[in-house]
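Protein chains in written order, with the numbering used here: chain A, 1 to 306; chain B, 307 to 622; chain C, 623 to 1279.
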Amino acid sequence: MSHNQDELFRLVDYSADAAERIGYSNYSYWRSVLQNFLKKKSAVVMAGVFFFLVIFSFIALAISKYDYATLVPESSLAFIEPNSEYWFGTDNLGRDYWCQVWYAAQTSIKLALIVALGECVVGLIIGCLWGYVRVLDRPLTEVYNIINNVPNIIYMTLIALLVGQSFTIMAVAMIAFGWLIMARNVRNLVLMYRDREYNLASRCLGTPVRRVLTKNIFPYLVSVVILRLALSIPGTIALESTLSYLGLGLGLETPSLGVLLRNARNSFLDEPYLLIFPAVIVSLITITFYLVGNAFSDAADPRNHV
Amino acid sequence: MIKYTIKRLLQSLLTVLVVATIVFLLLRMLPNEYYFTEDQVNKLSEEEKNERLRAAGLLDPIGEQLLRYYGGLVRFDFGDSRRIQTGVPVLKVISERFMVSMRLGVSALLIALAIGIPLGILQAMNKDKIPDHIGTAYTVFINAVPPLVSYSLILVFGAHVLGLPSLYSTRRPGISSILPIACLSLASIAHYALWTRRYMVDEMNKDYIRLARIKGMSNRNIMIRHVLKNAFVPLAQYIPASFLLTISGSLLAERFFSTPGMGPLLTDAISRYDLNVVQGCVVIYATLGVIGVFLGDVLMMIFDPRIRLVGKGETR
Amino acid sequence: MKAKRIKMLSLALAATMLLAACGGGGGKTPANNGGNSGSGSNAPSNGGEPIKEIVLWEASGTRELENFFIQNTEQAKDLNVLCNAYAPLLEIDNKGVLQPAVATEWGSEDDGLTWTFKLRDGVTWVDVNGNYKADLTAQDWVTGLEWVLNYHKNAGNNTSMPIAMIAGAGEYYEYTKELEAAEAMALDTTKFLEMVGIESPDKNTLIYHCSKNAPYFDTVATSACLYPLSQALIDELGVDNMVGMSNEQMWYSGPYTITSYIMNNEKVLTKNPAYWDKDASLFDTVTIRMMGDTNLDDQLYETGEVDQCDLEESNLRAIYEDENHEFHDQLVEKRPRKYSYQMHFNFNKLDAQGNPDVNWNTAAANENFRKSIYYGMDLTARWARDNFIYPTHCENLAYTMKGLLYFSDGTDYVDKVIEQLGYPTTNTTDAPRRYDANKAAEYRDKAIEELTAQGVTFPVEMDYYVLARNQAAQDAATVLQNIIESIGDNYIKVNIKTYVASLTKEVTGPQLHSVNNSGWGADYGDPENFLGQELYQDDGAYYSNKYSYINKVDEAEAPELIATYKEFTEMAKAAAAICDDMDARYQAYVDAEVYFLEHALTIPFNYEVVWQLTHVNDYSKMEAMYGCQTYTYKNWETSTEAYTTADYEGFLADFNS
């Protein structure tokens, strides 16, 4: 008996639903990540501290006795140590330090998060292309070498001189030169997993590149990306304070913790509170983020899910 | 191998050339006004300014300037400094300073390696025990506190409590280097401890280690013969570059302790529009960076015979 | 002071010196009496021992030496060091009076047209180790001036005063500019002597011919443009290697040789054994430590590593308020720096796009508007930024710097200005003399009325720029903002903006500022050097061309303002024409200055008077209001015991008596 070939086999269009149905198991990547993360109690506490800090910076400004926008210098009130009227004391011009510190904390957190996210997005996209698309490997490697070999301070100085100083400029500049490490990490991982057998198989079965990247490779990247994210935040804050020290930092309208730290250096021997408050907040932000990031990165590693 | 090395070196040369060109062009984007000092901008007439710019060759077509620049590069001539040390060749300006930076940097790096790697090993061997937590706390703390603050604290502590000199002095280079070296090494120690621990922990989870354990090898033996050796490979890659780049100095630490090194040179030169010095510095940094990567690969190959350089990309 | 009297005086001084030398003691600088009476030993008056090896400091970011060639640099950071390495014609004493140096006598007999300097023998050039190289003769001043005026040799540095004053200098400069570089570099002084008004008939005589009557020309002899240069050194190094010479290659004729130079770290000046002035009291060594971080000096002073420190605000407060502090009794006030700070208006402000800021320009052209600021600023809080203990010590009411010029009866020029403005010459209260809230309100209301009619919207926006990394300047600006905005509700709004590196390039060049505070220090001893900067339509007027942009204002749009400027310019030019009677000249300048200020064309702002801890008696230092000699470490009175507040009050009282 001869059967018509067409009856035995027919070509099926690729359907994501159907593919999912075949490979279905009870496993959900993100749920596992969350479960693993929640197991680490210290990290959960730290995450709580971080969110509390962010929320509190808003509350702090709301309950402050003084409004940042209407602070007025009054020399007779200079250098008052913390008391019930001035919770964080006053600065050298006699302005309330509490609202300055929290206002600056908001600026710094905002900058750090925006830069971290920006680096992440840019780094991830470029890193994936760099690792996955063979044609792009050479040119992107060259671009990387070139940008990486010119000291960042040159870019930063030129930008400050030619473009100006503002929050947006600063954020864009930091992202523009910060994506490199992320992209390289991502690229190395992509290279590593690109040609694993299961991906070869996947590709042979006609899975689109997008899907291979997002479903097969991405989970392996999450861990590294998050670790990088966690390290980028202290990096951003440290770079910002260094740039402020050099006069290349944010403009006057946007005081950041870096600026406060720089100013406090002049007087912290006599008035240590001027340094301690911003330094503690900076350290809190960076430590919490670092620990949370580490734990989350562990939790996000699929190898730890089994 | 030789063929590969030559190819690599040629590629590196190209990279350096491209970097030099880009910096050259970037610097030409600054307005010509920056060529003059504050006083000169005010006092000189437009005509006089143009004359001086022309005399300095800055009004020539950019291509011509670039060719002249390449011509100098070939002869290792970066021109004369204009504002950092008026009329002195750039190479001399740099050579007077890099030894200081390098001495501080290499000392700090050696200290960091000598303390950081053992600390990382200790942490890895006692994973999730007290030594690990102490080490982690240290690395986290160092990473968390901005250098501006930690340097200030070291400065005050060193000068007031220990009575150490707070300014670098060429007359007493030993004792006055203590604080800058302390500042530089604190962060590097954390860095090496962190990565040593991480690579070792990664390695310890691998199957062959489990096998070795099952075989009944002693923990100590496993650590030294397998884990450490393999964990050191990725770490080794960056060590040559770190050594070479100590030449560039640390901007913040050197400014803090007024060290006559390379650290603040680059920013000073940019802000004073001393283009020749900027270009000289950048070319030297780029060259060292590229050589560092190459040496790193060689070092890795020595530690891990499986790695063959031939056919590999430059970045890893 | 008439020119002839100068000559007489200098002869008398020379005679005294001769006597002093024979007597083996006594003051070598006769006018010196500010606690500097002892010679040689220079024993401190507070019981300590004189310091032999003094250690001072500077900020490395902005104050590091870049150039060892004194004729080639115009920057204070270079000159402050190099003035110790070269011997000038004349020196300045601690009262700001010219004293003989290499020139033993000098003067002019034709109202400042020809100036003759008689030079002493026995002055030599030495190398860095103090070994004899050559004699210093009148010829070296000819060589020095040729170098300055040769375009290809010196690229125009230090040319402005010689070109303005010396006959033929401008022509020679233009002549060399036309030459090929190699040709100009090879020039000797033959052509130069033909063209330029300078001659040295013998090795002890130097004659300058001025292009116009310059009764103040001798004060220029303290400036870098009239310093000596040895042809033998040029021959030794080669003409092409002069710019870029090092401290080890250069020749010295001054009190010190620069024996060590480590950039951004330390300089060591060592006493020159061959220095001509054997009676001068010099340090064995002067060490200048460079600090990357300027607030380290307080710490270094505490640990005894430097002999002087400026006090940071918080530290000053802490010491001042704590009676038991070890330094409490040692707080001393520095003498004012030589700059007279003014708030300059920009009459032709542009916005970031380069279009005129009509609102501001219209307001600034209105005299009532300017006067409301002139009278309405209570600057006490602003002065307290520098000097919170005695803010009014920073009060400045005039345009010219005080202590620069004196009438023949000894009256300070600036006191005369203050008197004519109607204020007491000394401030016995702690309130500012000019501030008058009622007057200010009156002018403000008139200004609002007139300006509203002209379509100006209130509040008027005033852009004020400060250096981004300079926190002290930002704090001062914040205080100033508060002061100006409190002149009236919804009247002026001050926007504090920042620039990254260069005020001229980023702000005043593109005309973005509304007002700018700037201090002027004298180049030479004449009111012309101050008021001449504000002339209307004059190429040499620095502030008119670079800050106020008055020359770019359309006369039709601001007729009153231009008329005021023209009147002032006429008065100042008339004053400049008086050369035979210095009192009459100064009085005419006083009138012009008073006119200028009464119309509030600029607003006198402050002097810089700060506090310090020190082992140096500042009243024994050279008080160089002009020229480059402020930092000459010669005849300083120092003490191993720190000076106390009481010591310094005594010095000041002696000084003023």
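Even glycine gets a Cβ: it sits at the ideal position worked out from N, Cα and C.
Take residue i as the anchor and find which of the options has the nearest alpha-carbon.
i: P151/A; options: C587/B, L320/B, L459/B and P546/B; result: C587/B
i: D715/C; options: D1240/C, C1016/C, E1271/C and E1263/C; result: D1240/C
i: W898/C; options: G1272/C, K1256/C and A1268/C; result: K1256/C
i: I181/A; options: E197/A, L231/A, M156/A and A112/A; result: L231/A
i: E1245/C; options: N1049/C, V1129/C, Q721/C and R1091/C; result: Q721/C
i: G247/A; options: I217/A, V259/A and I147/A; result: V259/A
i: V1088/C; options: F1080/C, A1098/C, P1081/C and V1082/C; result: A1098/C
i: D840/C; options: L859/C, P784/C and T879/C; result: P784/C
Quick check on residue i - is its C-beta less than 7 Å from some C-beta in chain B?
i: K1127/C; result: yes
i: N145/A; result: yes
i: L261/A; result: yes
i: A279/A; result: yes
Would you kindly work out how many angstroms separate the C-alpha atoms of residue i and residue j, rounded to a whole number?
i: N432/B; j: G569/B; result: 38 Å
i: G555/B; j: S875/C; result: 38 Å
i: P486/B; j: S387/B; result: 27 Å
i: T1022/C; j: E731/C; result: 28 Å
i: A104/A; j: P1149/C; result: 48 Å
i: K993/C; j: I80/A; result: 36 Å
i: I436/B; j: A47/A; result: 23 Å
i: A1197/C; j: Y1211/C; result: 6 Å
i: L365/B; j: V589/B; result: 23 Å
i: M506/B; j: V533/B; result: 6 Å
i: R403/B; j: G251/A; result: 33 Å
i: S659/C; j: G1272/C; result: Low confidence applies to S659/C: its pLDDT is 37, below 50, so where it sits in the model is not reliable enough to give any reading.
i: A518/B; j: L189/A; result: 28 Å
Quick one: does residue i have its CB under 7 Å from some CB of chain A?
i: A450/B; result: yes
i: N917/C; result: yes
i: T621/B; result: With a pLDDT of only 40 at T621/B, under 50, the local geometry of the prediction cannot be trusted, and the value read off the model is given with reservation. Closer than 7 Å: yes.
i: S936/C; result: yes
i: D1148/C; result: no
i: G595/B; result: yes
Locate the beta strand (DSSP E) running through residue i, then write down its first and last residues.
i: H966/C; result: S962 to F967
i: C931/C; result: Q930 to D932
i: Y878/C; result: Y878 to I884
i: V677/C; result: E675 to A681
i: Q1234/C; result: W1233 to T1236
i: M912/C; result: T907 to M913
Could you pull the start and end residues of the alpha helix (DSSP H) that residue i belongs to?
i: G729/C; result: Note, G729/C: premise wrong, no alpha helix (DSSP H); beta strand (DSSP E) at A725 to G729.
i: A418/B; result: V396 to M431
i: N716/C; result: N716/C -> no alpha helix (DSSP H), and no H or E assigned at all.
i: A803/C; result: A803 to M807
i: Q693/C; result: Run containing Q693/C: none; DSSP gives neither H nor E here.
i: L741/C; result: L741/C -> not in any alpha helix (DSSP H); beta strand (DSSP E) instead, spanning T736 to L741.
Hey, is residue i's beta-carbon within less than 7 Å of any beta-carbon in chain C?
i: A160/A; result: yes
i: L243/A; result: no
i: P566/B; result: yes
i: S456/B; result: no
i: R303/A; result: no
Could you check whether the region 1229 to 1249 of chain C touches the region 1166 to 1184 of chain C, counting it as contact only if at least three pairs of C-beta atoms, one from each stretch, sit closer than 8 Å? no
Using 8 Å as the cut-off, can you tell me whether the region 737 to 753 of chain C makes contact with the region 773 to 785 of chain C, which would need three or more C-beta pairs spanning the two stretches below that distance? no
Touch test, the region 285 to 296 of chain A against the region 1118 to 1130 of chain C, Cβ-Cβ under 8 Å, three pairs minimum: No, because fewer than three Cβ pairs between the region 285 to 296 of chain A and the region 1118 to 1130 of chain C fall closer than 8 Å, the two stretches do not touch.
When the Cβ atoms of the region 452 to 472 of chain B are set against those of the region 925 to 935 of chain C, are three or more pairs found closer than 8 Å? yes
Touch check for the region 562 to 576 of chain B and the region 422 to 429 of chain B: three-plus C-beta pairs under 8 Å? no
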